[in-house]
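Structure record follows, encoded as structure tokens.
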Amino acid sequence: MDCIYLTGIRCYGYTGYLQEEQVLGQWFEVDVKLWLDISTAAKTDAIENTVDYRSVISLIQHLVKTSKFALLEKLVTTIADSILQECDRVIQVQVILSKPAAPIPDFGGKISIELIKSKSNL
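Below you can see the structure in the form of structure tokens.
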């Protein structure tokens, strides 16, 4: 199966366990891998025969900006489910959601959650 990768999607959002995270917000990063058949698009050179990744990026940005969940697990699942519901050609999706500046004392790393979901899991 063919794949389209969308990486480094940065969005400001309000998901987090702490009250401050849901009020002040923070930056998130999203990487997405879309499984689909691109053979028809390769033959026709027509965007309607593939996924318009601009719409996928816009969908992700909207979800991150407008959601106020306590857990990253809920946000990453919402992103994956929405992509599978909105994009008819996508049969499976991998979403990696990262919080690059988690408010944890003495922790300079980032937290990431990876989810792989297919249409059959909806």
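Here the sequence shown is numbered in our numbering, starting from 25 and rising by one per residue. Ideal placement from N, C-alpha and C gives every residue a C-beta, glycine not left out.
- A residue is called buried once 16 or more other Cβ atoms fall within 10 Å of its Cβ, and GLY37 is buried on that count.
- GLU45 is the residue among GLY32, LEU30, PHE131, GLU45 whose C-alpha sits nearest the C-alpha of PHE93.
- LEU30 and VAL88 do not touch by the CB rule: their CB atoms are close to 13 angstroms apart, not below 8 angstroms.
- As the crow flies, the alpha-carbon of SER142 is around 23 angstroms from that of PHE52.
- Annotation: the region 30 to 81 contains the following complete segments of the beta strand (DSSP E) (minimum length 3 residues), in chain order: 50 to 60.
- Sixteen is the threshold: since fewer than 16 other Cβ atoms of the shown chains lie within 10 Å of the Cβ of GLN109, the residue is exposed.
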